[in-house]
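Protein chains in written order, with the numbering used here: chain A, 1 to 231; chain B, 1 to 237; chain C, 1 to 272. The structure under discussion appears below in the form of structure tokens.
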Amino acid sequence: MDGPFATAFTLIASGDDALLQIIGLSLRVTLGAVAIACVIGLPLGAALALARFPGRGAMIVVSNALMGLPPVVAGLVVYLLLSRSGPLGPLALLFTPTAMIMAQTLLILPIVISLTRSVVEDLWAEYREQLLSLGAGRLRAVPTLLWDGRVSLLTGVLAGFGRASAEVGAVLIVGGNIAGHTRTMTTAITLETSRGNLGLAVALGIVLLTLTLTLNALAWGVGQWARGRLG
Amino acid sequence: MSAPILPLSLEDVTYAPRGAALLSGLTLRVEAGRRLIVMGANGAGKSLFLRLCHGLIDPSAGRRFWASGEPRPEAQAMVFQRPVLLRRSVAANLDYPLALRGLARAARREAVALTLDRFGLAAMADRPARLLSGGEQQRLALARAWAIRPQVLFLDEPTSALDPAATRIIEEMVARFSDEGITIVMTTHDLGQARRLGQDVAFLHRGRLIEHRPAADFFAGPETPEARAFLAGDLIW
Amino acid sequence: MTHSCRVILTAASALGLLVALPAAARDFITVAVTTSTENSGLFGHILPIFEAETGIEVRVVVQGTGQALETGRRGDADVVFVHARAQEETFVAEGYGVERFDVMHNDFVIVGPGDDPARLREAPDAASAMAAIAAAGASFVSRGDDSGTHVAEKALWSAAGIEPAGEWYLSTGSGMGAMLNMAAQLPAYALTDRGSWLGFDNRGPLEIVHQGDPALFNPYGIILVNPKRHAHIKAEQGQAFIDWIISDAGQAAIAGFTIGGEQPFLPATRSE
């Protein structure tokens with residue numbers, strides 16, 4: 001395994017433009033998807049935890065089940081939506097980073113919703129009386145609980161990030177793996193593997209893993225620090 | 001202070017979730033400016049009674065109404081046996097209920113500073129509330145309740161988890177609240193505390209109010225055998 | 001409250017930034033190409049020349065021939081660049097493409113383990129080579145994905161009068177590279193094109209065991225997606241690319257692409 005590691009190191013050390021561009025796009029797509037999934041998923045998950053309405057049980061089951069949605073299927077759904085022959089065709093978004101963000105958002109959203117619901121439900125059990133006493137109704141409790149559950153919620157967000165940064169099926173279909181435009185770490189790895197450049201593929205994998213490790217270490221550190229500080 | 005919300009009246013109030021009556025036939029007035037101690041054995045319904053008055057639960061039958069006519073006036077607060085402090089700083093905990101009441105940022109900052117000062121919490125304003133000691137947490141809970149300028153304050157066994165020193169501090173605070181004109185409704189199973197703080201006593205037995213009298217009379221000679229047994233330290237059912 | 005508000009606002013603006021980062025507003029066309037051309041590295045060689053000459057950026061989406069034609073049919077590419085003659089002609093006949101032009105060709109080769117257990121090296125032509133594989137029950141890995149290579153493979157089987165099925169016949173439904181990786185590991189016989197083969201590094205025991213039959217001729221065609229079907233098609237720029245690639249300059253660029261001294265694709269004009 002000396003080869004791939006040496007290749008990986010040389011790649012990073014060279015500061016190769018194409019590589020930096022690929023890393024940048026990967027981060028942009030994945031973080032973009034995580035951010036959108038949070039903006040939608042956090043309030044929705046909290047609402048599922050607090051609100052009682054017909055169909056709530058079904059929604060919980062569906063969002064739990066969708067955590068296992070195969071990336072290729074998410075990719076196909078977005079592909080059919082964005083294709084020129086699809087309903088959103090006129091937006092001309094297929095084979096763009098935006099399309100990739102959309103597909104990954106679809107992948108992560110169920111994770112964020114389900115984990116948020118479970119965190120907020122637990123917190124609500126603890127906070128319910130106190131918040132009602134202070135004068136916060138269920139609706140007003142949503143941002144309070146999200147903020148007070150921020151350390152636990154970070155875990156859910158990280159799980160989403162992990163899924164997005166690792167997947168290749170969805171971004172390959174909707175992004176098209178266009179060099180310099182929609183090529184990410186994972187699609188580049190796929191391409192190099194299919195070219196038989198296993199060394200380069202593994203080197204890219206090492207770079208990806210290093211990035212993921214760094215981000216997770218950062219998030220874990222922040223979590224530990226917050227736990228210590230916030231009790 | 002806004003329009004008076006007291007007295008609070010309960011008329012033949014029953015609380016019976018899923019059919020089982022946990023409180024029944026309660027009729028009573030909570031008068032402005034008094035310190036009412038709610039007593040009774042474990043399971044008599046003291047905590048439920050406070051929650052019902054405070055509006056955390058609603059009567060299954062009977063009426064509950066405030067003098068102001070509002071269904072649930074804002075000028076009331078409750079301190080729980082184990083208060084839930086938000087996972088934020090001490091100052092942010094004080095700010096929270098004020099923000100809920102729609103106070104402007106500047107007014108809130110002023111009110112928070114005043115409260116911190118008044119309760120000796122200024123030095124720990126930026127510390128995470130969850131990391132305070134038990135006594136400090138209860139003090140913060142009282143400060144948070146006081147900050148909204150309540151006309152009536154409900155306290156549910158506020159000192160049962162505290163050591164004697166912390167207990168004395170809390171009792172002094174309650175007495176000062178009372179001096180400021182805040183009506184106190186408090187449960188306790190500490191007879192000494194009830195004697196020190198009580199002006200009136202309401203005695204609950206199995207979800208029913210069986211005595212409601214000035215504290216001096218109650219302690220001098222309870223009318224019911226249940227209350228007599230309770231004061232004598234007998235286990236009653 | 002103030003905290004959560006601020007957090008939400010920050011998140012929202014960061015979001016806007018991420019999503020709205022405008023794709024460079026340069027002139028570009030989208031071209032759906034087959035894996036065989038991309039895997040060989042051809043586009044890395046010729047596209048910079050075209051882009052320097054015209055200023056038109058070419059975004060290459062790599063797919064199997066079947067998927068590439070479907071992409072064109074849906075209007076998701078301006079130009080398709082594939083190698084399955086019959087399917088290309090259908091594509092034009094049905095009105096999805098404007099006209100098919102010959103660009104270049106190479107040839108298919110049959111690769112297999114160097115010790116050649118089914119004796120393909122001795123086969124007189126490609127069809128009998130395929131028959132020899134079936135007769136020996138030697139493992140054969142198929143693309144199985146309706147790609148140009150798969151279409152050519154099926155034509156060879158039917159020329160040999162064989163319906164391939166059984167333990168020895170592995171339909172993988174994968175791209176050229178993935179299939180070659182499998183063939184190298186098993187090892188097994190496989191049909192591939194010379195361009196992909198030259199660009200493929202992980203050969204293991206594989207060698208070319210059969211080549212040269214005219215039936216293995218592999219022509220590549222380029223087609224502009226019909227703007228009458230899809231009004232947004234960048235016909236002008238797409239046609240400019242087609243005109244360039246079949247011009248002397250484009251053909252010279254293709255001829256100038258070599259891998260290890262070998263020329264994987266032969267320009268169409270030279271062969272005529």
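Ideal Cβ positions, reconstructed from N, Cα and C, are used throughout, including at glycine.
- Against chain C, the CB of F5 of chain A has no partner CB under 9 Å away; the residue lies outside that interface.
- DSSP, read as helix, strand or coil, puts L88 of chain A in coil.
- A134 of chain C is positioned such that its CB atom lies closer than 9 Å to that of P164 of chain C.
- Neighbours of A136 of chain A across chain B, judged by C-beta separation under 9 Å: Y96, P97 and L100.
- Between G40 of chain B and L204 of chain B the beta-carbon gap is near 4 Å, inside 8 Å, which marks them as a contact.
- Distance from the CA of N106 of chain C to the CA of F43 of chain C, rounded to the nearest whole angstrom, comes to 15 Å.
- Contact annotation: the stretch 105-117 of chain B does not touch the stretch 174-185 of chain B, with fewer than three C-beta pairs closer than 8 Å.
- For T167 of chain B, the CB contacts under 6 Å within the same chain, skipping 5 residues up- and downstream, are T159 in chain order.
- With fewer than 16 other beta carbons inside 10 angstroms of its own, H232 of chain C counts as exposed.
- Under a criterion of Cβ atoms nearer than 7 Å, the residues of chain B adjacent to L132 of chain A are, in order, L56.
- The three-state reading of DSSP puts L93 of chain A in coil, since its state is none of H, G, I, E or B.
- Secondary structure remark: continuous alpha helix (DSSP H) runs of at least 4 residues inside the stretch 3-64 of chain B, in chain order: 46-54.
- Closest in C-alpha terms to T116 of chain A, from the list A:S152, A:A125, A:A6 and A:T7, comes A:S152.
- Nearest to Q63 of chain C by alpha-carbon distance, out of C:V80, C:F50 and C:G212, is C:V80.
- Taking one beta carbon from each stretch, the stretch 188-206 of chain C and the stretch 140-154 of chain C have 3 or more pairs nearer than 8 Å; the two touch.
- The three-state reading of DSSP puts I233 of chain C in coil, since its state is none of H, G, I, E or B.
- With a beta-carbon spacing of about 4 Å, G32 of chain A and I101 of chain A fall inside the 8 Å limit used to define contacts.
- For E99 of chain C, the closest C-alpha among the options C:S247, C:T172 and C:L224 is that of C:L224.
- No Cβ of chain B is located within less than 9 Å of the beta carbon of E121 of chain A.
- W168 of chain C carries a coil assignment under DSSP once its states are collapsed to helix, strand and coil.
- Counting the other Cβ atoms within 10 Å of the Cβ of Q251 of chain C gives 16 or more, which makes it buried.
- In chain order, S194 and R195 make up the part of chain A whose C-beta sits under 7 Å from the C-beta of N39 of chain C.
- For A159 of chain A, the enclosing alpha helix (DSSP H) stretches over residues R150 to A166.
- The stretch 143-152 of chain B and the stretch 2-22 of chain B touch, with no fewer than 3 CB-CB distances between them shorter than 8 Å.
- In this structure N216 of chain A is exposed. Its beta-carbon is surrounded by fewer than 16 other beta-carbon atoms within 10 angstroms.
- Counted as a single uninterrupted DSSP element, the alpha helix (DSSP H) harbouring L156 of chain C occupies residues G148 to A160.
- DSSP places D17 of chain A in no beta strand (DSSP E) but in the uninterrupted alpha helix (DSSP H) bounded by D17 to L50.
- With its beta carbon less than 9 Å from one in chain C, A92 of chain A belongs to the interface.
- The CB of E70 of chain B never comes closer than 8 Å to any CB in chain A; the least such distance is about 13 Å.
- By alpha-carbon distance to Q76 of chain B, the top candidate from B:R101, B:S89, B:R63 and B:P59 is B:R101.
- Runs of the beta strand (DSSP E) lying entirely within the stretch 76-105 of chain C and spanning at least 3 residues, in chain order: 79-82.
- Looking at the DSSP output, W66 of chain B bridges to B:L8.
- Nearest to E211 of chain B by alpha-carbon distance, out of B:A232, B:I148, B:R195 and B:R228, is B:R228.
- The stretch 201-214 of chain C and the stretch 53-68 of chain C do not touch, with fewer than three beta-carbon pairs separated by less than 8 Å.
- Of the other Cβ atoms in all chains shown, fewer than 16 fall within 10 Å of the Cβ of Q224 of chain A; this residue is therefore exposed.
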